[in-house]
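*Asks:* Each residue of the sequence shown is one higher than the one before, starting from 30 at the first, in the numbering used here. Even for Gly, the Cβ is constructed at its ideal location relative to N, Cα and C.
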Amino acid sequence: MELFPELKIGWLNGWWAIVLLGLTDGILFLVFPKDVVRRLWDRSGWSQKQQAFTIAGKLCALVCLGLLTLTPLKIGTPAFVVGVILTALGLIGLVKALYDFRNTPLDEPVTRGLYGVSRQAQIVMSSMVLLGGCIAIGSWAAVAFWTVARLTEHFGILAEEEVCLKQYGESYRLYLEQVQRYFVFF
30 MELFPELKIG WLNGWWAIVL LGLTDGILFL VFPKDVVRRL WDRSGWSQKQ QAFTIAGKLC
90 ALVCLGLLTL TPLKIGTPAF VVGVILTALG LIGLVKALYD FRNTPLDEPV TRGLYGVSRQ
150 AQIVMSSMVL LGGCIAIGSW AAVAFWTVAR LTEHFGILAE EEVCLKQYGE SYRLYLEQVQ
210 RYFVFF
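1. Which residues mark the beginning and the end of the alpha helix (DSSP H) in which Y201 is found?
2. Helix, strand or coil: how does DSSP classify E189 here?
3. Note down the Cα distance separating V110 from Y211, rounded to an integer number of angstroms.
4. DSSP state of V101, grouped into three classes?
5. Give me, in chain order, the residues of the same chain whose beta-carbon lies closer than 7 Å to that of L36; leave out the 5 immediate sequence neighbours on both sides.
6. Would you call E182 buried or exposed, if buried means 16 or more other Cβ atoms sit within 10 Å of its Cβ?
7. For F215, which residues from the same chain have a beta carbon less than 7 Å from its beta carbon, with the 5 sequence-adjacent residues on both sides left out?
8. Closer than 7 Å by C-beta to V153: which residues in its own chain qualify, once you throw out the five before and the five after it? Chain order, please.
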């Protein structure tokens, strides 16, 4: 791992993690019912502060994605192996989380499957995919931008949980008490 690896355009760069994540989301969103996809992207009820933090996080994420796109993979290194494993686990978990989301009736909070272990299963799994890419390119700068993006995204997650609490009431409050936000911590 190095702070700023050499940037260059190439076929064996970290962009593969972005493409895999995009294809996974895109294909599933195409086959899911439209009301389920709408539910995934609903941002109504968010405050301006929460929206601003989310935008700041997206800007940091764009820098991270730029570094992934322009940085060669560190093939043959332990970092590459760890990155590929994290990416694969993240993709498998993301598909599972999206199907758990899809299979929950629209009038109920999503609490089954991976959501029984993490209230933010999709976010955790998508984050794992991108972290795997950052590690596979061996860039501490990419990991740093990924970290800031994830930390600022936390405010959007809090907004989402507030909206769900208003929408689903007592059943969601009990869910908040029983299931951790990010798996085993927080």
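*Replies:* If we stick to the structure as given:
1. 199-207
2. helix
3. Roughly 24 Å between the two C-alpha positions.
4. Checking the sequence, you will find Pro at residue 101 rather than Val. Strand at P101.
5. L99, T100
6. buried
7. Reliability of the predicted coordinates at F215 is poor, the pLDDT of 47 falling under 50, and no value is obtained from them.
8. Same-chain partners within the cutoff: S147, Y211, F212.
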